[in-house]
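Novice:
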Amino acid sequence: MIDRLEQDLSTIRNAMGVRGYRQELLASNIANADTPYYKARDVDFKSALQAAVGGRGVPTLQPVTLARTQAGHLGGNGGSPYGGAVKYRAEYQGAVDGNTVNMDVERAAFAENAMQLEALILFVNKRFEGLQRAIQGQ
Amino acid sequence: MSDFKIFAIAGSALTAQSARLNAVASNLANADSVVGADGKPYRAKQVVFAATPVEGGGIGVRVTQVVDSAAPARMQYDPANPAADEKGYVTLPNVNVVEEMVNMISASRAYQTNAEVMNTAKTLMAKTLAIGQ
Numbered sequence: 000m001i002d003r004l005e006q007d008l009s010t011i012r013n014a015m016g017v018r019g020y021r022q023e024l025l026a027s028n029i030a031n032a033d034t035p036y037y038k039a040r041d042v043d044f045k046s047a048l049q050a051a052v053g054g055r056g057v058p059t060l061q062p063v064t065l066a067r068t069q070a071g072h073l074g075g076n077g078g079s080p081y082g083g084a085v086k087y088r089a090e091y092q093g094a095v096d097g098n099t100v101n102m103d104v105e106r107a108a109f110a111e112n113a114m115q116l117e118a119l120i121l122f123v124n125k126r127f128e129g130l131q132r133a134i135q136g137q
Numbered sequence: 000m001s002d003f004k005i006f007a008i009a010g011s012a013l014t015a016q017s018a019r020l021n022a023v024a025s026n027l028a029n030a031d032s033v034v035g036a037d038g039k040p041y042r043a044k045q046v047v048f049a050a051t052p053v054e055g056g057g058i059g060v061r062v063t064q065v066v067d068s069a070a071p072a073r074m075q076y077d078p079a080n081p082a083a084d085e086k087g088y089v090t091l092p093n094v095n096v097v098e099e100m101v102n103m104i105s106a107s108r109a110y111q112t113n114a115e116v117m118n119t120a121k122t123l124m125a126k127t128l129a130i131g132q
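Each protein sequence line maps, in turn, to chains A and B. Each residue of the first sequence is one higher than the last, beginning at 0 in numbering that gives the first Met the number 0. Each residue of the second sequence is one higher than the last, beginning at 0 in numbering that gives the first Met the number 0.
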């Protein structure tokens, strides 16, 4: 029973993971709106979710890592659990200080992402409600 | 949990932006200070931002240094002033009041946005905690 529940909720859980991660990336962009040379990043939701879910013939994205050809080389990872799904944002208007954060784009994306995350939370809640109703036989 | 990192990220931005606001306040307050702490005219202070990784991933921001503005000092002809040089010019601070006002508005808007990010993260977190209740 528990593993069925787990199976049932795993997609939503993965989606929430990606949404949470995106929220964090967007917060980083907004925090660095005035930092010289900072480059805005975003995660491609579709490929990140595919990477998280995997299977079903979908090529999973491997995290971007440095090649280690010598024993003395440092490992180091791409710093992102979703690897290649995290990309730099294409800039609309260049700034003299090399910063590529467009506050309007970031705020809109943040609001959209928050809404999507809230929707996922609602889905989980309703799913539990349905299960509870089934258990109680009402 | 990633939402906690958002607090660290947005929090670092709040700290950095308030440091910038602090510098603006100093500059505006001393826009006409002919003599500073070192006996010379006050020089405008500017903060330098740098992206910095926060614990557990994500990129925050911090103030790496506060630099004196390299703009030339304002010279005002006022021979009656005791601070005037032999030609009668008084060296005034290199504070550009208009620039500082713009800086202030920009800093306060950035502060507001980050506070909003924090609020959104808090709301979402509360909703996540209430799942299944």
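Each residue gets a CB set at the ideal place from its N, CA and C atoms; glycine is no exception. All values derive from a computational prediction rather than experimental measurement.
Taking the alpha carbon of TYR81 (chain A) as the reference point, which residue from A:ASP103, A:THR99, A:LEU48 has its own alpha carbon closest?
Specialist: Comparing Cα-Cα distances from TYR81 (chain A) to each of A:ASP103, A:THR99, A:LEU48, the minimum goes to A:LEU48.
Novice: Measuring only the C-alpha atoms, how far is PRO52 (chain B) from GLY93 (chain A)?
Specialist: Using only the alpha carbons, I get a separation of about 24 Å.
Novice: Can you tell me whether DSSP reads ALA7 (chain B) as helix, strand or coil?
Specialist: Helix.
Novice: Throw me the rounded Cβ distance for the ARG40 (chain A) and ASN28 (chain A) pair, which I believe falls under 8 Å.
Specialist: So it is a contact: roughly 7 Å between Cβ atoms.
Novice: To which residues of the same chain is GLY129 (chain A) closer than 7 Å at the C-beta, ignoring the five residues directly before and after it?
Specialist: Result list for GLY129 (chain A): empty, nothing under 7 Å.
Novice: For GLY56 (chain A), would you say it is in contact with chain B, using Cβ-to-Cβ distances shorter than 8 Å as the test?
Specialist: Bear in mind that a pLDDT of 49 at GLY56 (chain A), under 50, signals an unreliable position, so the model cannot answer this.
Novice: Can you pull the chain A residues whose beta carbon is under 7 Å from the beta carbon of SER11 (chain B), in chain order?
Specialist: Chain A residues near SER11 (chain B): ALA30.
Novice: ALA106 (chain B): which of B:PRO78, B:ALA82, B:ALA24 sits nearest, CA to CA?
Specialist: Ranking the options by Cα distance to ALA106 (chain B), first place goes to B:ALA24.
Novice: For the stretch 48–64 of chain B and the stretch 79–88 of chain B, state whether three or more C-beta atom pairs, one from each stretch, are separated by less than 8 Å.
Specialist: Verdict: no, contact absent.
Novice: Which residues of chain B have a Cβ atom closer than 7 Å to the Cβ of TYR37 (chain A), listed in chain order?
Specialist: Per Cβ cutoff of 7 Å: ALA50.
Novice: Using a threshold of 8 Å, state whether the C-beta atoms of ALA50 (chain B) and MET117 (chain B) are closer than that.
Specialist: No. Outside cutoff.
Novice: Go ahead and label ASP33 (chain A) buried or exposed: buried means 16 or more other beta carbons lie within 10 angstroms of its beta carbon, across all protein chains shown.
Specialist: Buried.
Novice: For ASP84 (chain B), collect the residues of the same chain with a Cβ closer than 7 Å to its Cβ; drop the 5 residues on either side in sequence, then sort them by chain order.
Specialist: The answer is none, since no qualifying residue turns up.
Novice: Which residues in the same chain have their Cβ closer than 8 Å to the Cβ of MET74 (chain B), if we skip the five residues on either side of it in sequence?
Specialist: TYR88, VAL89, THR90, LEU91, listed in sequence order.
Novice: Please report the straight-line C-alpha distance between TYR87 (chain A) and GLU111 (chain A), rounded to a whole angstrom.
Specialist: Taking the straight line from one Cα to the other gives about 19 Å.
Novice: Using 8 Å as the threshold, is the stretch 38–48 of chain B in touch with the stretch 12–26 of chain B, meaning 3 or more CB pairs across them?
Specialist: Yes: at least three Cβ pairs fall under 8 Å.
Novice: Just grab the DSSP bridge partners of PHE48 (chain B) for me.
Specialist: Partner(s): B:VAL62.
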